[in-house]
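Report on one structure; see the data block that follows.
2 protein chains.
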Amino acid sequence: MHILSGMAEDVFKALADPTRRRILDELVERDGQTLFEICTRLATKHGLSLSRQAISQHLAVLEAADLVRTRRQGRYKFHDLNTAPLEHIVTRWLRPDPPEGRP
Amino acid sequence: MHILSGMAEDVFKALADPTRRRILDELVERDGQTLFEICTRLATKHGLSLSRQAISQHLAVLEAADLVRTRRQGRYKFHDLNTAPLEHIVTRWLRPDPPEGRP
DNA sequence: AGGATATGCAAGTAACGACTTGCCTGTCAG
DNA sequence: CTGACAGGCAAGTCGTTACTTGCATATCCT
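These protein sequence lines map, in sequence, to chains E and F. Position 97, counted from 1, in the first sequence is what my numbering calls 111; the numbers after and before it change by one each time, with no gaps. Position 88, counted from 1, in the second sequence is what my numbering calls 102; the numbers after and before it change by one each time, with no gaps.
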């Protein structure tokens, strides 16, 4: 009964979109970017030319899934990657079989 | 440059739907079920009353993502869970940082 | 053979998701 | 203060997706 109960379900939806996965890639490479930085780097490095609003909405989805944490500083808003929700979503279907002893 | 290159992208889309995740839960608990078995158990145990076609289409998506393997036997078609695609989709964003040492 | 069982195919609907456009709020530099 | 910069809000469009309904195919049992 956590407060964040429904959040694990949001992680899957957040990861469903290719653009959002690119954003996570970008944050892995360079953490703490602003919205404009992400827009620019997605456009130049990955050839994605989306509007600022589109990226902003994607970031909102990632933040709702707790995959991205934000900290405000003046007129800037920095986005930090949080990989914690990724560690438990897969073990849900992995059997508790011992990894050793397979003759 | 595998033949199955585009399939990793399908895994995320396959996991995006709650019903499909329920189906995976069901197959973890009991592998090798038929379509009707899955329909029945989803209806009774989880309260999901979807049409047979809906479940069939969900299984097709899971099979396209290689999360479910099927084997035909007479008029029955058994569905087996395949967790292999789940093991590499998360490591993409996990930094190689040591998990210890957080004062 | 004939009926019941298990599944497949096709088209149609309804809702959701991604993206855009336009305007508004807050922040810093001159 | 004024203008440039960073970000947020709201509504609208368009394609995708989940689900249903109806019909068709294949296999088993008697």
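C-beta atoms are modelled at their ideal positions from N, C-alpha and C, and glycine is treated no differently. Quantities reported herein were computed from a predicted structural model and do not represent experimental measurements.
If you run the structure through DSSP and keep just helix, strand and coil, what is residue i?
i: L41/E; result: helix
i: L29/F; result: helix
i: R34/E; result: helix
i: L49/E; result: helix
i: R120/E; result: Since the displayed chain E opens at 15 and closes at 117, residue 120/E lies outside it and no answer follows.
i: R55/E; result: helix
i: H60/E; result: helix
i: H93/F; result: strand
i: L100/F; result: helix
i: R106/E; result: coil
Looking only at C-alpha atoms, which of the options sits nearest to residue i?
i: R60/F; options: R36/F, I103/F, R89/F; result: Per the sequence shown, residue 60/F should be read as His rather than Arg. H60/F has its Cα closest to that of R36/F, out of R36/F, I103/F, R89/F.
i: T105/E; options: M21/F, L100/F, H72/F, V75/F; result: L100/F
i: K3/E; options: T97/E, R83/E, A98/E; result: Absent from the structure is residue 3/E, since the part of chain E shown begins at 15 and ends at 117.
i: R66/F; options: L76/F, A79/F, E51/F, E77/F; result: E51/F
i: P32/E; options: Q47/E, H72/E, A22/E; result: H72/E
i: V25/E; options: G46/E, E40/E, L76/E, D45/E; result: L76/E
i: V42/E; options: W107/E, H93/E, R109/E; result: H93/E
i: W107/F; options: Q87/E, W107/E, L95/E; result: L95/E
i: R109/F; options: P110/E, A98/E, R109/E; result: A98/E
i: R34/F; options: A74/F, D45/F, R85/F; result: A74/F
CB residue i to CB residue j, shorter than 8 Å?
i: A28/F; j: L81/F; result: yes
i: I103/F; j: A30/F; result: no
i: L38/F; j: I69/F; result: no
Give the C-beta separation of residue i and residue j to the nearest angstrom, bearing in mind that I take them to be a contact with Cβ-Cβ under 8 Å.
i: E40/F; j: L56/F; result: 6 Å
Query raised in the report: Listed in chain order, which residues of the stretch 89-111 of chain F have Cβ atoms closer than 8 Å to some Cβ of chain E?
Result: Near chain E, meaning a CB-to-CB distance below 8 Å, the residues of the stretch 89-111 of chain F are L95, T97, L100, E101, I103, V104, R106, W107, L108, R109.
Query raised in the report: In the stretch 34-49 of chain F, which residues sit with their C-beta less than 9 Å from some C-beta in chain E, listed in chain order?
Result: When CB distances to chain E are screened at a threshold of 9 Å, the residues of the stretch 34-49 of chain F falling below it are R35, L38, D39, L41, V42, in chain order.
**Report entry** Contact list for the stretch 59-88 of chain E against chain F, Cβ threshold 9 Å
**Finding:** Flagged, chain order: L81.
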